[in-house]
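**Q** If you scroll down you'll find the structure; I have some questions about it.
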Amino acid sequence: MKKILSVLLMALIVGTSLFAAGEAEATKSPITIWAWDPNFNISIMKDAAAIYQKAHPDVEFNIVEMAKADVEQKLHTNLASGTTDGLPDIVLIEDYNGLKYLNSYPGQFSDLTNKINQNDFLKSKVDVAKIGNKYYSMPFDSGVAGFFYRTDMLAEAGYTAADLNNITWDEFCDIAKEYKAKTGNYFFANSKADGGLLRIMLQSNGSWYFDKDGNPYVKDNKSLAEAMRIYKRFIDEDLAYPTNGWTEWVGSINNSTVPTITTGVWIIGSIKAASNQSGDWAVAPCPKLSASGTNASNLGGSSWYVLKNGKSNADAIDFLNTIYGANNNFYQDILVKNGAMGSYIPAFSGVNYSKADEFFGGQKVYDLLSQYAEAIPAVNVGEYTYEADAAVMANMEAYYNGQSIEETLEAIDAQLVNTIL
Amino acid sequence: MANEKKINRAGWFFIIPVASLLVIFLLYPIFYSLYLTTTRTKGIVTNFNGINNYIKLFNDPMFFLALKNTFKILFLQVPIMLTSALLFASLLNNKKIKFRGFFRTAIFLPSVTSLIAYAILFKMLFSYEGIVNNTLLSLKFIQTPLDWFSDPTLATFVLILAMVWRWTGYNMIFYLSAMQNISGDLYEAARVDGASDITSFFNITLPLLKPMILFTTVMSTIGTLQLFDEPMNLAQSGTTSSMVGPNNCFLTLSIYIYNLCFKYTPKFGYAATVSYAILVLVAILSFIQFKISSESEKTVTKKVSKSIK
Amino acid sequence: MKKNKMSIGLIISYIILIVASFFSLFPFFWILIGATNSSVDILRGKLTLGSSFIDNMKILFSEANMGRALYNSMKIASLTVILTLIITSMAAYGFQMYRTKAKEKTYTFFLLTMMVPFASLMIPLFQIISKLKLLNSHSAIILVSSASVFMIFFFRQSFVNYPTEILQAARVDGASELRTFVSIFVPSMKSTYAAAAIYTFMTSWNNYLWPLIVLQTTDKRTTTLLVSSMSSSYTPNYGVIMVAIALSTTPVVIVFFGFQKQFVEGMVGSVKQ
Chain A
252 MKKILSVLLM ALIVGTSLFA AGEAEATKSP ITIWAWDPNF NISIMKDAAA
302 IYQKAHPDVE FNIVEMAKAD VEQKLHTNLA SGTTDGLPDI VLIEDYNGLK
352 YLNSYPGQFS DLTNKINQND FLKSKVDVAK IGNKYYSMPF DSGVAGFFYR
402 TDMLAEAGYT AADLNNITWD EFCDIAKEYK AKTGNYFFAN SKADGGLLRI
452 MLQSNGSWYF DKDGNPYVKD NKSLAEAMRI YKRFIDEDLA YPTNGWTEWV
502 GSINNSTVPT ITTGVWIIGS IKAASNQSGD WAVAPCPKLS ASGTNASNLG
552 GSSWYVLKNG KSNADAIDFL NTIYGANNNF YQDILVKNGA MGSYIPAFSG
602 VNYSKADEFF GGQKVYDLLS QYAEAIPAVN VGEYTYEADA AVMANMEAYY
652 NGQSIEETLE AIDAQLVNTI L
Chain B
626 MANEKKINRA GWFFIIPVAS LLVIFLLYPI FYSLYLTTTR TKGIVTNFNG
676 INNYIKLFND PMFFLALKNT FKILFLQVPI MLTSALLFAS LLNNKKIKFR
726 GFFRTAIFLP SVTSLIAYAI LFKMLFSYEG IVNNTLLSLK FIQTPLDWFS
776 DPTLATFVLI LAMVWRWTGY NMIFYLSAMQ NISGDLYEAA RVDGASDITS
826 FFNITLPLLK PMILFTTVMS TIGTLQLFDE PMNLAQSGTT SSMVGPNNCF
876 LTLSIYIYNL CFKYTPKFGY AATVSYAILV LVAILSFIQF KISSESEKTV
926 TKKVSKSIK
Chain C
2 MKKNKMSIGL IISYIILIVA SFFSLFPFFW ILIGATNSSV DILRGKLTLG
52 SSFIDNMKIL FSEANMGRAL YNSMKIASLT VILTLIITSM AAYGFQMYRT
102 KAKEKTYTFF LLTMMVPFAS LMIPLFQIIS KLKLLNSHSA IILVSSASVF
152 MIFFFRQSFV NYPTEILQAA RVDGASELRT FVSIFVPSMK STYAAAAIYT
202 FMTSWNNYLW PLIVLQTTDK RTTTLLVSSM SSSYTPNYGV IMVAIALSTT
252 PVVIVFFGFQ KQFVEGMVGS VKQ
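Chains as they are written, first to last, in our numbering: chain A, 252 to 672; chain B, 626 to 934; chain C, 2 to 274.
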């Protein structure tokens, strides 16, 4: 009995290895792409692939969808192990993580400096993957921030578009307070442990957790101190409706619990999910942090990177260039189909970008947003944004409970500096 | 005897198959990991770093937070779970109880669920509009639904409750088996002497169960110190949010290591250092548990012989 | 009066056991109910049967390819059981029946390795697996899982009270060591092997972190990975997830119920000190 079992076992193990080996033999390797989000990134990539295949019928695509965390983890394990077998050709990387991969695995990503016309893209996006004079990414979706609000709910409380245009965050807080007093409802939703708005505030001031050279910029960072002060206003004056995680946050606007949401343009898809609210939305520039700051900022966004050791490197670069680097119609289509705003500047003057959007009461939403996008201050996101974010949010609780801003900044700085060692 | 030596050598042949796998897949990574702790490694960029990683460890507030969280969970979950397991086992060891097979199966059943599945399950049970809140509301224990996952105390409570649910039955089976090895004569003698069920439990059962209690305590400690799957799946937004659970209450040592590799800039050397810190802690705790157990052996033998007389 | 005391004690015992059983079983009942409901209803805490079972099944098997995942989990778990039982019981036999100082030292050393957290081994392990060209293979999971120190420990504990005279007698009769092991020893430890099989099957089926790291494509994933990935999307479909959990827990439940008797017998055997 045992003998039979061991033979069976051997046969199975040998069989699987042969099977695996057999699969590796193919004539021309498909372009392998890793990305997340089936309704957004994956759907857009599939469309891009279809367009490219019309002109290049011999090119195959292998688009792999995984959760964002899995894409990140698999990229790490594959690059760290030094093997190239499992590497894709193209991978989607969130902008906050770009430099992290570029600097941790030098030489693994293709230099796209001379392959792409950087001037066609938003500077704030292009600079995310810039090292010295070299550029390593194909910029993708913009996270340009907008202050989206319900015209009907705010009009009821006596607010007009003019009241909400080009305001500061302090004014935003004042309005939130008034709105709550008048209607009994919260003005917006936010989790006190989420650093999204903080990052919007920082970038709008042209600042970040790091200076231009990538050194921690915390203790003397006036913008950071200001942003933290605003967060404390949210807590002290009970201005934000507390939500936990994505579903609750989006639920707060879909259920009309709150009338505003200030975040990246990618929220439009979720805003439009509540079809009964059509015609009642509008967008204004995101609030500015200080008088000297701008009303333009960014939250999130990703770019496509090419692995040098992928099996179809040349094809991958050509594909990205042809579609993402030059195809204006493509950008017009994904805007309407997926609510995806690219970072390709020539597309901004295209047909769909200047359309009046019924959902937004006839406002030319994307036209406005692309204007904001071109004004976004470029910052050096650096490799350690997530560490900085963790350090800041971990210490915010003490700050909310009364610790001085100086002490809090010291603690954040100490933690961040230690993390980078 | 030369023959004996030959026989003993044959024994090694039985060990070699698993040993070869262990050398490749366990020992090599362990030592490679140890080597990594002396390097400053960022992805594939490596520099020799001496003991700097260990110095960094002592200045790392996040490490201490993960340490605190892991220990908090450990000292709450393990005692509650093992006590419950002991209680259920002793109840089920009582031949007067009918339907023992059913109860035993019911309480053991949670152990067959995968760690992912039951974490997700509890996440749904304790969601804002979920069953637990609805039940508490209708029983008028609370006025408004509790936001279980935005308060660190509540969230930790859910985690511990889930772990107790999952592992009590598993440990109960170990205790039950050990109890069934205790001769009924001991209890008979005690009953003749007028001892109640409870006295018998404390003077006979418990002392004789000490080896098994030690075994389960050590295994549970090792398991909880390496806790990863459950808090990872209970935390809301995974790797894109700044915190693992409200106020980072779900940040355990293993999750911290995972983050150091895959969420933050990949510092494999430092991650290895944190993992060796866990190893040292586990070793110390196990050593302490063994010591306590053998110390009380002396007092235990006295008690048992007393109750038998 | 004594009779009353016993009754009260018994009543309390029953109450405790019934409450414990209820809380242990409720989530399973809830999974089955949830499997028939839509995502929205589940989040609202609906406790009655719904009508979405077929829809959930459709999505699960067509979009999420649950059939493949079930096959993968089954394959990995079965092969792991076979390999683990063979090599770890052999090692336990070697340690227990051929005791020498060297072997004891080796055994203790192996036991200590159980304290090393897996998180610290994953990167070097990944490197080795890639070098062996076993990346994204089920073999990587089977080979790593079957090198289980805990199973060696478990088997050894069960072998402690075995009467070694029988082995000695076989040796005198001229049987080889391996022959003795296979024909005499193993058949007498059936319940131990059964318990070990259940335990290994369960552990393998529910394995999460290592398969997560080593498997790269969706066609290779196990049910555990499938459930995890479904629940970490932006808008998880809880109805489908419930069906997945129900289906992926069923094989383990069947295995357990099938071998329950041997399992408890085997555990008793392993506990004898």
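Cβ coordinates follow ideal geometry from the N, Cα and C atoms, glycine included.
Quick one: give me the first and last residue of the beta strand (DSSP E) that A:L343 is part of.
**A** I341 to E345
**Q** Between which two residues does the beta strand (DSSP E) holding A:M389 run?
**A** Counting along the chain, the beta strand (DSSP E) containing A:M389 begins and ends at S388 to P390.
**Q** Which residues in the same chain as C:S249 place their Cβ atom closer than 6 Å to its Cβ, once the five residues preceding and following it in sequence are excluded?
**A** T224
**Q** Do you know how far the Cα of B:G819 is from the Cα of C:Q37?
**A** One detail in the question is off: residue 37 of chain C reads as Thr in this sequence, not Gln. When rounded, the distance between both Cα atoms is 56 Å.
**Q** Within this structure, are the beta carbons of B:A814 and C:S121 separated by less than 9 Å?
**A** Contact: no.
**Q** Assuming B:S918 contacts B:S658 under a Cβ cut-off of 8 Å, what Cβ separation, rounded to an integer in Å, is found between them?
**A** At roughly 30 Å, the Cβ-Cβ gap does not stay under 8 Å, so B:S918 and B:S658 are not in contact.
**Q** Taking the alpha carbon of C:F24 as the point to measure from, which residue in B:F689, B:M788 and B:L834 has its own alpha carbon closest?
**A** Of the listed residues, the one whose Cα sits closest to C:F24 is B:M788.
**Q** Who are the Cβ neighbours of A:N416 in its own chain at under 6 Å, not counting the five residues just before and after it?
**A** Correct list, in chain order: A535.
**Q** Pull up the DSSP beta-bridge partners for C:S232, would you.
**A** The beta-bridge partner set that DSSP reports for C:S232 is empty.
**Q** To the nearest angstrom, report how far apart B:A635 and C:E178 are at their CA atoms.
**A** Using only the alpha carbons, I get a separation of about 7 Å.
**Q** Within 9 Å of any Cβ in chain B, is that where the Cβ of C:E178 sits?
**A** In terms of beta-carbon proximity, C:E178 lines the interface with chain B, with at least one pair separated by less than 9 Å.
**Q** Residues of chain B with CB closer than 8 Å to the CB of A:E634, please, in chain order.
**A** T890
**Q** Since C:M91 meets chain B, which of its residues come closer than 8 Å, beta carbon to beta carbon?
**A** F639, I640, P642 and V643
**Q** What are the uninterrupted segments assigned as beta strand (DSSP E) that are 3 or more residues long and contained completely in the segment 305-329 of chain A, given in chain order?
**A** For secondary structure counted as the beta strand (DSSP E) over 3 or more consecutive residues, the segment 305-329 of chain A holds these complete runs in sequence order: 312-316.
**Q** CA-CA distance, A:G593 and A:V557?
**A** Taking the straight line from one Cα to the other gives about 18 Å.
**Q** Chain B beta carbons: is any one of them nearer than 9 Å to that of A:S442?
**A** yes
**Q** For the segment 212-237 of chain C, enumerate the residues whose C-beta is nearer than 7 Å to any C-beta of chain B, in chain order.
**A** Those would be T225, V228, S229, S232 and S233, in chain order.
**Q** Does the beta carbon of A:T659 sit closer than 9 Å to a beta carbon anywhere in chain B?
**A** Not an interface residue.
**Q** Going by Cα to Cα distance, which pick from B:L811, B:V817 and B:T842 is closest to B:N828?
**A** B:L811
**Q** Using the C-alpha atoms, what's the distance from C:V256 back to B:K721?
**A** Those two C-alpha atoms are separated by around 29 Å.
**Q** Do B:Y881 and B:M687 have their C-beta atoms within less than 9 Å of each other?
**A** In this structure, the beta-carbon distance from B:Y881 to B:M687 falls below 9 Å.
**Q** Name the chain C residues whose beta carbon is nearer than 7 Å to that of A:S332?
**A** Ordered by position in chain C, the residues that pass the 7 Å Cβ test against A:S332 are F127, Q128 and S131.
**Q** Quick one: which chain C residues come within Cβ less than 8 Å of B:D854?
**A** Y209 and L210
**Q** In the DSSP output, which residue or residues are listed as bridge partners for A:I397?
**A** Checking the sequence shown, residue 397 of chain A turns out to be Gly, not Ile. Among the bridge pairs identified by DSSP, A:G397 is matched with A:T514 and A:P536.
**Q** Buried or exposed, going by whether 16 or more other CB atoms sit within 10 Å of the CB of C:V253?
**A** buried
**Q** Taking the C-alpha atoms as reference points, what is the distance between C:S8 and B:F915?
**A** 39 Å
**Q** Can the beta-carbon of C:T201 be found closer than 9 Å to that of C:I142?
**A** no
**Q** Can you tell me which of the three DSSP states A:W287 falls into?
**A** Here A:W287 sits in coil by DSSP.
**Q** How is the beta strand (DSSP E) around A:S554 delimited, first residue to last?
**A** S553 to V557
**Q** Report yes if the C-beta of A:N370 is less than 8 Å from at least one heavy atom of the ligand ATP; otherwise report no.
**A** The ligand ATP is absent from the structure shown, which contains no ligands of any kind.
**Q** Which residue's Cα is closest to the Cα of A:N549: A:N505, A:W497 and A:G447?
**A** A:G447
**Q** Along the chain, where does the beta strand (DSSP E) containing A:N669 start, and where does it finish?
**A** Here A:N669 belongs to no beta strand (DSSP E); instead the alpha helix (DSSP H) covers I656 to I671.
**Q** Should A:P597 go down as buried or exposed, given a rule of 16 or more other Cβ atoms within 10 Å for buried?
**A** Exposed: under 16 other Cβ atoms inside 10 Å.
**Q** Are the C-beta of C:L113 and some C-beta of chain A separated by less than 9 Å?
**A** no
**Q** Name the one or two DSSP bridge partners that A:D608 has.
**A** A:Q614
**Q** Of the residues B:I641, B:Y800, B:D822 and B:G668, which one's Cα is nearest the Cα of C:S90?
**A** B:I641
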